[in-house]
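In this note's numbering, the protein residues as written are 488 to 769. Glycine included, C-beta positions come from ideal geometry on N, C-alpha and C.
What follows is the structure, encoded as structure tokens:
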């Protein structure tokens with residue numbers, strides 16, 4: 488299994504099976520924070536794949552060619568929020584509540600991370616409609632900038648919640664842990680819009696999952712109505728942040744102007760649908 492920042496392996500020792508992640512040197516800083524967060528959660532009894540600690544009681548081995556983290560192997564597959572929205576809501580609510588006790592330093596994510604990186608990339612690509620993205624991004628940021636801040640996993644998609652054959656849930660991959668918008672995590676896991684091709688049905692599908700997710704989440708951690716209402720704006724914000732990360736990892740040439748045009752169209756159509764639905768519902 489591979490992704491932009493790491494390579495993963497199944498490792499065997501006799502009859503024992505382990506999971507090894509090798510994080511590339513460029514991602515060391517965030518990986519060290521992620522390993523520390525996971526070790527904290529493991530010690531608190533939160534369901535994460537157990538890390539195998541070194542003789543020096545560290546959750547990783549640091550070498551010139553990367554960071555090595557060894558986990559006990561947990562059988563299972565990625566979660567399905569459409570099936571398990573309630574259980575996932577409880578899991579993330581517990582995570583956010585437990586992380587209030589974490590005393591380590593987290594990276595603070597601000598406007599540059601969510602909006603500015605993408606604008607900078609579009610300028611470097613000399614994309615002719617960069618000003619349209621800039622205007623959209625500024626309006627969007629003004630809507631969310633005053634949301635409460637706190638712990639945010641930052642990459643809360645289906646594959647980072649692992650479901651075992653006996654129905655237990657484990658949370659994975661804390662490399663993107665940050666101080667950001669806690670509501671961003673529920674947004675990502677409940678977001679069932681199609682990222683590349685706009686489909687109006689994604690709005691109601693996402694709304695439906697959120698409505699099942701929230702009651703269980705709120706048993707463990709509070710969210711203001713303002714945070715909950717920001718769900719649809721945070722989906723748009725996700726498009727800015729994710730696209731910037733993808734291009735940073737794969738290079739400016741991994742997308743062309745036609746792709747960017749489609750992304751801009753997606754954002755316009757999403758905003759139009761959100762405004763239309765809000766007007767209908769008062």
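>> For residue 665 and residue 594, which I take to be in contact (beta-carbon distance under 8 Å), what is that distance rounded to the nearest angstrom?
In response: The beta carbons of residue 665 and residue 594 sit about 5 Å from each other, so the pair counts as a contact at 8 Å.
> Who are residue 514's beta bridge partners in DSSP?
Replying inline: Under DSSP, residue 514 forms no beta bridge with any residue.
> Can you give, in chain order, each stretch of the alpha helix (DSSP H) that sits fully within the region 697–769 and has at least 4 residues?
Replying inline: Here the runs fully enclosed are 712–716, 718–737 and 744–768.
> residue 569 and residue 696 look like a contact to me (Cβ under 8 Å); what is the Cβ gap, rounded to whole Å?
Replying inline: Indeed, because the Cβ distance is near 6 Å, the residues count as touching under 8 Å.
>> Quick test of your reading: residue 647 and residue 659, contact by CB under 8 Å. State the CB separation rounded to the nearest angstrom.
In response: By a beta-carbon distance limit of 8 Å, residue 647 contacts residue 659. Their separation comes to about 5 Å.
>> In whole angstroms, give me the CA-to-CA distance for residue 495 and residue 727.
In response: Here the alpha carbon of residue 495 sits roughly 27 Å from the alpha carbon of residue 727.
>> Based on DSSP bridge pairs, tell me the residues matched to residue 573.
In response: The partner list for residue 573 (beta bridge, DSSP) is empty, contrary to what the question assumes.
> Looking at C-beta atoms only, is the number of pairs between the region 583–592 and the region 525–539 that lie closer than 8 Å three or more?
Replying inline: Because the criterion of three Cβ pairs below 8 Å is met, the region 583–592 and the region 525–539 touch.
> In this structure, what does DSSP give as the bridge partners for residue 671?
Replying inline: None, per the DSSP bridge assignment.
> By a C-beta neighbour count over all protein chains shown, 10 Å radius and 16 as the cutoff for buried, is residue 540 buried or exposed?
Replying inline: So residue 540 ends up on the exposed side.
>> In the DSSP assignment, the alpha helix (DSSP H) including residue 619 goes from what residue to what residue?
In response: From DSSP, the alpha helix (DSSP H) with residue 619 extends over 617–631.
>> On the CB-based measure, 16 or more other CB atoms within 10 Å of its CB, does residue 681 come out buried or exposed?
In response: Counting C-beta atoms within 10 angstroms of its own C-beta, residue 681 has fewer than 16 neighbours from the protein chains shown and is therefore classed as exposed.
> Between the C-alpha atoms of residue 711 and residue 518, what's the straight-line distance to the nearest angstrom?
Replying inline: In this structure, the straight-line span from the alpha carbon of residue 711 to that of residue 518 is close to 31 Å.
> Since residue 672 and residue 579 are thought to touch, with beta carbons under 8 Å apart, how far apart are those beta carbons, to the nearest angstrom?
Replying inline: Indeed they touch by this definition, with Cβ atoms about 6 Å apart.
> Roughly how many whole angstroms lie between the Cα atoms of residue 577 and residue 707?
Replying inline: About 7 Å.
> Helix, strand or coil for residue 681 per DSSP?
Replying inline: In the three-state reduction of the DSSP assignment, residue 681 falls in the coil class, being assigned neither a helical nor a strand state.
>> Between the region 513–527 and the region 551–570, can you find at least three pairs of beta-carbon atoms closer than 8 Å?
In response: Result yes; three or more Cβ-Cβ pairs closer than 8 Å.
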